[in-house]
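K.L.:
Chains as they are written, first to last, in the UniProt record's numbering: chain H, 1 to 336; chain D, 1 to 336. Ideal placement from N, C-alpha and C gives every residue a C-beta, glycine not left out.
Number of protein chains: 2
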Amino acid sequence: MKIGMSHGAGGELMQDLISDIILSNIRNTRVNGGVGLEDLDDGASIPLGEYEIVISTDGHTIDPLFFPGGDIGKIAVAGTVNDISVMGARPIAIASAMVLSEGFRGEELERIVRSMDAVSEETGVSIITGDTKVMEKDKLDRMIITTTGIGVVKRGEIVRDSGLRPGDMIILTGSVGDHGMALMAFREGFGYDTELESDVAPVWEMVEAALSTGGVTAMKDPTRGGIANALNELAEKSGVGMVVEEERIPVKEEVLAVSEMLGIDPYEVANEGKVIIGVDPEYADEVLDAIRKTRYGGEAQIIGEVNSERHVILETRLGGRRILEAPVADPVPRVC
Amino acid sequence: MKIGMSHGAGGELMQDLISDIILSNIRNTRVNGGVGLEDLDDGASIPLGEYEIVISTDGHTIDPLFFPGGDIGKIAVAGTVNDISVMGARPIAIASAMVLSEGFRGEELERIVRSMDAVSEETGVSIITGDTKVMEKDKLDRMIITTTGIGVVKRGEIVRDSGLRPGDMIILTGSVGDHGMALMAFREGFGYDTELESDVAPVWEMVEAALSTGGVTAMKDPTRGGIANALNELAEKSGVGMVVEEERIPVKEEVLAVSEMLGIDPYEVANEGKVIIGVDPEYADEVLDAIRKTRYGGEAQIIGEVNSERHVILETRLGGRRILEAPVADPVPRVC
Ligand SMILES: Nc1ncnc2c1ncn2[C@@H]1O[C@H](COP(=O)(O)OP(=O)(O)OP(=O)(O)O)[C@@H](O)[C@H]1O
Ligand SMILES: Nc1ncnc2c1ncn2[C@@H]1O[C@H](COP(=O)(O)OP(=O)(O)OP(=O)(O)O)[C@@H](O)[C@H]1O
Ligand SMILES: [Mg+2]
Ligand SMILES: [Mg+2]
Ligand SMILES: [Mg+2]
Ligand SMILES: [Mg+2]
Ligand SMILES: [Mg+2]
Ligand SMILES: [Mg+2]
Numbered sequence: 001m002k003i004g005m006s007h008g009a010g011g012e013l014m015q016d017l018i019s020d021i022i023l024s025n026i027r028n029t030r031v032n033g034g035v036g037l038e039d040l041d042d043g044a045s046i047p048l049g050e051y052e053i054v055i056s057t058d059g060h061t062i063d064p065l066f067f068p069g070g071d072i073g074k075i076a077v078a079g080t081v082n083d084i085s086v087m088g089a090r091p092i093a094i095a096s097a098m099v100l101s102e103g104f105r106g107e108e109l110e111r112i113v114r115s116m117d118a119v120s121e122e123t124g125v126s127i128i129t130g131d132t133k134v135m136e137k138d139k140l141d142r143m144i145i146t147t148t149g150i151g152v153v154k155r156g157e158i159v160r161d162s163g164l165r166p167g168d169m170i171i172l173t174g175s176v177g178d179h180g181m182a183l184m185a186f187r188e189g190f191g192y193d194t195e196l197e198s199d200v201a202p203v204w205e206m207v208e209a210a211l212s213t214g215g216v217t218a219m220k221d222p223t224r225g226g227i228a229n230a231l232n233e234l235a236e237k238s239g240v241g242m243v244v245e246e247e248r249i250p251v252k253e254e255v256l257a258v259s260e261m262l263g264i265d266p267y268e269v270a271n272e273g274k275v276i277i278g279v280d281p282e283y284a285d286e287v288l289d290a291i292r293k294t295r296y297g298g299e300a301q302i303i304g305e306v307n308s309e310r311h312v313i314l315e316t317r318l319g320g321r322r323i324l325e326a327p328v329a330d331p332v333p334r335v336c
Numbered sequence: 001m002k003i004g005m006s007h008g009a010g011g012e013l014m015q016d017l018i019s020d021i022i023l024s025n026i027r028n029t030r031v032n033g034g035v036g037l038e039d040l041d042d043g044a045s046i047p048l049g050e051y052e053i054v055i056s057t058d059g060h061t062i063d064p065l066f067f068p069g070g071d072i073g074k075i076a077v078a079g080t081v082n083d084i085s086v087m088g089a090r091p092i093a094i095a096s097a098m099v100l101s102e103g104f105r106g107e108e109l110e111r112i113v114r115s116m117d118a119v120s121e122e123t124g125v126s127i128i129t130g131d132t133k134v135m136e137k138d139k140l141d142r143m144i145i146t147t148t149g150i151g152v153v154k155r156g157e158i159v160r161d162s163g164l165r166p167g168d169m170i171i172l173t174g175s176v177g178d179h180g181m182a183l184m185a186f187r188e189g190f191g192y193d194t195e196l197e198s199d200v201a202p203v204w205e206m207v208e209a210a211l212s213t214g215g216v217t218a219m220k221d222p223t224r225g226g227i228a229n230a231l232n233e234l235a236e237k238s239g240v241g242m243v244v245e246e247e248r249i250p251v252k253e254e255v256l257a258v259s260e261m262l263g264i265d266p267y268e269v270a271n272e273g274k275v276i277i278g279v280d281p282e283y284a285d286e287v288l289d290a291i292r293k294t295r296y297g298g299e300a301q302i303i304g305e306v307n308s309e310r311h312v313i314l315e316t317r318l319g320g321r322r323i324l325e326a327p328v329a330d331p332v333p334r335v336c
């Protein structure tokens, strides 16, 4: 078996690789009863005294490094802040390991470090340690940044991606497909002409607003594989189904346009500043209001409801129903 | 300014890059008064309740992936366990982010994951979360693994690399130069003919033996830049000098042979299973004994003594004295 691009594309093929080669060969996968490797959640946790430490890591191989709406530095810090956030933990620190290609320009590196700093400042997260390696010019394309985040939550208050219960409402914090489509459009040469921008942003403020309102049962950031992947993971892990109303899923006009032009489903591509939140129906409206008051949450919507069936069912704009399947792989490669 | 190979080679050039481009552009570098970015220690720390969480990250770009004595999986987990250990913290968990090149063979990946598992089992550390990305065949040479470790220590018991005091004894836990020279010899085609092997191993058992005996004032693992770099960093950060007796520094015959053949100083190349430990003189013999009883500590030596001057002074075998300078860069690239 050989690794293909789709093994890194956040769909079922990647899941299989992780199960077959990684999970099956690692014996110690959990600390002290916390969330561990085989839970395949957005991160893991380590119970310690009255706290639970949350940890999550992501390598960033995005191409190009600078794109409309952000750059690799912004996505590296925001992405990791987001995985910590959706576990219900306040992100507090980041470790940043950089691998640079020989000949990389110092000014570009500086611009990237400043982007990391900006997100760190916005979220109150500190960048406390790191590592720097260099590879020969022909051995690495430009750079890779791997960020690992640490968060803290009171013991027992962690939020899992498996916590949905029949009757819960599903909140989506804003429009979908922006990141993947903006990247694809930019690569295809539509350049900075369109208004299309990545949505890359830290979601902690929205998550904090939701958590402090109450009733949150599950969360996930719909990154690689898009909402199609994230909704299916949430449903499958929780052992439930859901019905989602398509007309309530915000999709920007430019995203739709590019998506039709390129034949790519906006539900299957990465978002980098959105959260899907399961909420007890009694709290749903209040949580929605709280999220809408935050910087990135203005367009939040209740998009559906959890049931005790299987499958993620989409009620289309025309009143039809179809199963929304998890993609085999994200159709846009190297998005993060 | 453009990045060169030596910017990733663990000497003064790398330090300058980190100060000029990274430190100067990051505002939040510390959490809650713990060890932070500008301390440039082996990792950082986050005080939390009665504990201190220690975190350290390293990207691994070693070439070749499999070498005499180990492979990238072993070095990734052991290296991170070691940086946590030398901060005085018990390593408990690892996050593992892999970037694979398209076409990478599944069987090789499996072998690497098994090596990671073996070190994790030996040290009682769990691998609790990770990430997988794939880059196009011509964009990355084989694979990169970035491991981030989490350790825990009682608050106030962290060990820094700046804690040496005049009068302290310097313990070195075994022979130097093995990793760098084994790699270099292997690359030069001496192959598996020589007995020369990397020393890659987890140091936690030695560190734990030292800590539980008492009197430890400072620690560092002499990786990139070798003991020349590590001894100078310890001295400089502690504001002290030291005299080291060359005849007490264990160097294997094969290492010396290769080092002479290639004109590379064994003090300037990476070790991956050694620790330099500063100890209160009253505890030195006892700590030495304790380390010698451990699996990897049989050759441990007291190699020198801290004074209140500056510089690391080497007393040579012939009775002369010379300053041991920190290298500008490790002479063997891509060793970890
Ligand atoms: N190489 C690996 N080793 C160990 N665990 C892995 C590895 N790759 C992925 N995982 C685990 O698989 C699960 C899914 O990983 P994935 O990267 O899709 O999550 P994510 O970070 O939330 O998404 P994204 O990377 O798209 O932002 C996580 O629980 C992660 O810990
Ligand atoms: N890209 C980076 N961003 C932030 N901090 C960095 C970066 N690179 C290195 N550092 C910091 O510089 C210091 C020295 O790093 P270095 O990698 O040499 O330490 P090490 O991991 O102990 O050694 P080695 O990597 O050879 O095993 C550490 O404190 C590290 O946190
Ligand atoms: Mg996630
Ligand atoms: Mg992620
Ligand atoms: Mg390092
Ligand atoms: Mg170190
Ligand atoms: Mg290290
Ligand atoms: Mg990930």
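I'd like the span of the alpha helix (DSSP H) that includes Asn232/H, first residue to last.
P.N.:
226-238
K.L.:
Using a threshold of 7 Å, is the CB atom of Asp58/H nearer than that to any non-hydrogen atom of ligand 8?
P.N.:
With a threshold of 7 Å, the Cβ atom of Asp58/H counts as near ligand 8, since some heavy atom of the ligand is closer than that.
K.L.:
Return the CA-CA distance between Gly189/D and Val335/D, expressed in angstroms with no decimal places.
P.N.:
16 Å
K.L.:
Using the Cβ count rule (16 or more neighbours within 10 Å means buried), how would you classify Leu109/D?
P.N.:
When all chains shown are included, Leu109/D counts as buried.
K.L.:
Taking buried to mean at least 16 other C-beta atoms within 10 Å of its own C-beta, is Met206/H buried or exposed?
P.N.:
buried
K.L.:
For Leu100/D, go through chain H and note every residue whose CB falls closer than 8 Å to its CB, in chain order.
P.N.:
Ile3, His7, Gly8
K.L.:
Go through its chain and collect everything with a Cβ distance to Leu314/H's Cβ below 6 Å, but skip five positions before and after it.
P.N.:
Val244, Glu246, Arg322, Leu324
K.L.:
Only counting the same chain, and skipping five residues up and downstream in sequence, which positions put a Cβ closer than 8 Å to that of Val152/D?
P.N.:
Tyr51, Glu52, Ile53, Val54, Ala89, Arg90, Ile92
K.L.:
Label Leu256/H either buried or exposed according to how many other C-beta atoms from any shown protein chain fall within 10 Å of its C-beta, with 16 as the threshold for buried.
P.N.:
exposed
K.L.:
Between Leu262/H, Ala218/H, Gly263/H, which has its C-alpha nearest Val275/H's C-alpha?
P.N.:
Ala218/H
K.L.:
Could you give the distance in angstroms between the alpha-carbon of Gly215/D and the alpha-carbon of Lys74/D?
P.N.:
30 Å
K.L.:
Does the beta-carbon distance from Ala185/D to Lys293/D come in below 8 Å?
P.N.:
Taking a C-beta distance under 8 Å as the contact criterion, Ala185/D and Lys293/D do not qualify as a contact pair.
K.L.:
Please state the DSSP three-state secondary structure of Thr146/D.
P.N.:
strand
K.L.:
Can you list, in chain order, the residues of its chain with a C-beta nearer than 6 Å to that of Gly103/H? Leave out the 5 residues immediately preceding and following it.
P.N.:
Lys137
K.L.:
Between the beta-carbon of His60/D and the beta-carbon of Ala76/D, is there less than 8 Å?
P.N.:
yes
K.L.:
Considering just the uninterrupted stretch of the beta strand (DSSP E) at Met242/H, what are its terminal residues?
P.N.:
241-245
K.L.:
Looking at ligand 2, does it come within less than 7 Å of Asp41/D, judged from the CB to the closest heavy atom?
P.N.:
yes
K.L.:
Is any beta-carbon of chain H found at less than 8 Å from that of Asp168/D?
P.N.:
no
K.L.:
How is the alpha helix (DSSP H) around Gly156/H delimited, first residue to last?
P.N.:
Premise fails: Gly156/H is in no alpha helix (DSSP H) and is neither H nor E.
K.L.:
Using DSSP with H/G/I as helix, E/B as strand and the rest coil, what is Ala93/H?
P.N.:
strand
K.L.:
Quick one: is residue 337/H buried, meaning 16 or more other Cβ sit within 10 Å of its Cβ, or exposed?
P.N.:
Beyond the ends of chain H as shown, which are 1 and 336, falls residue 337/H; an answer cannot be given.
K.L.:
To the nearest angstrom, how far is it from the Cα of residue 408/D to the Cα of Val86/D?
P.N.:
The question about residue 408/D has no answer, for chain D in this structure spans 1 to 336.
K.L.:
Spatial neighbours of Thr148/D within its chain, please: C-beta separation below 6 Å, excluding the five flanking residues on both sides.
P.N.:
Thr57, Ala95
K.L.:
Looking at Asp131/D and ligand 8, is the gap between the Cβ and the nearest heavy atom below 7 Å?
P.N.:
yes
K.L.:
Kindly give me the distance between the Cβ atoms of Gly36/H and Ser126/D, rounded to whole angstroms, as I take these residues to be in contact under 8 Å.
P.N.:
7 Å
K.L.:
Quick check on the burial criterion: 16 or more other C-beta atoms within 10 angstroms. Buried or exposed for Lys252/H?
P.N.:
buried
K.L.:
With Ser120/H as the anchor, note down where its alpha helix (DSSP H) starts and where it stops.
P.N.:
Per DSSP, Ser120/H is one residue of the alpha helix (DSSP H) stretching across 106-123.
K.L.:
In whole angstroms, what is the alpha-carbon distance linking Gly34/H and Lys2/D?
P.N.:
44 Å
K.L.:
For ligand 4, is there any heavy atom lying closer than 7 Å to the beta carbon of Thr223/H?
P.N.:
Between ligand 4 and the CB of Thr223/H, the shortest heavy atom gap is smaller than 7 Å.
K.L.:
Can you tell me whether Asp83/H sits near ligand 4, meaning its C-beta is under 7 Å from at least one heavy atom of the ligand?
P.N.:
yes
K.L.:
Name the one or two DSSP bridge partners that Arg321/H has.
P.N.:
Note: Arg321/H is bridge-paired with Glu315/H in the DSSP secondary-structure output.
K.L.:
Is Thr173/H buried or exposed, if buried means 16 or more other CB atoms sit within 10 Å of its CB?
P.N.:
Thr173/H comes out buried.
K.L.:
In the DSSP assignment, find the alpha helix (DSSP H) that holds Asp63/H and state where it starts and stops.
P.N.:
It is not in any alpha helix (DSSP H) - Asp63/H carries neither H nor E in the DSSP assignment.
K.L.:
Restricting to Cα atoms, I'd like to know which of Asp199/D, Ser212/D, Val328/D, Ala9/D is closest to Val134/H.
P.N.:
Measuring from the Cα of Val134/H, the nearest candidate turns out to be Ala9/D.
K.L.:
Quick check: the Cα distance between Ile124/D and Asn28/H, rounded to an integer number of angstroms?
P.N.:
Here residue 124/D is Gly; the residue named in the question, Ile, does not match the sequence. Taking the straight line from one Cα to the other gives about 8 Å.
K.L.:
Which of the three DSSP states, helix, strand or coil, is assigned to Gly304/D?
P.N.:
strand
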